[in-house]
Amino acid sequence: MTGETSREESAASVLRSIWQVDESAATDVDELCGNSGICRNMKDVSFEDMVGQGTDLRTAWREQLARDGKLDTSAGTIGDLVAGRR
């Protein structure tokens, strides 16, 4: 159990550091990478085809994850994890 807890704490620490990054870091990345533009191979890629009648994209993703056995609602939200509420 201790190994699992330390991995969860490590993951939470990484997510908190990402969420707390300042705006100057984003500017530095832009300066280093320059204007990358759009990827021409991905410009027309969308997930709208997986959305059924009367549902939205978020619900469609959740349904797909549930069908694939990959939906774990016991973990809470990313916001909970970042805020340390878990």
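In numbering that gives the first Met the number 0, the protein residues as written are 0 to 85. For glycine and all other residues, C-beta sits at the position ideal for the given N, C-alpha and C.
If I follow the unbroken alpha helix (DSSP H) through Asp43, where does it start and stop? Annotation for Asp43: no alpha helix (DSSP H) segment contains it, and DSSP assigns it neither H nor E.
If you measure between the beta carbons of Ala11 and Gly68, is that distance less than 8 Å? In terms of Cβ geometry, Ala11 and Gly68 do not form a close pair [threshold 8 Å].
Going along the chain, which residues of its own chain have a beta-carbon closer than 8 Å to the beta-carbon of Gln63, five neighbours each way excluded? Correct list, in chain order: Met49.
Can you name the start and end residues of the alpha helix (DSSP H) that Thr58 belongs to? Per DSSP, Thr58 belongs to the alpha helix (DSSP H) from Leu56 to Arg66.
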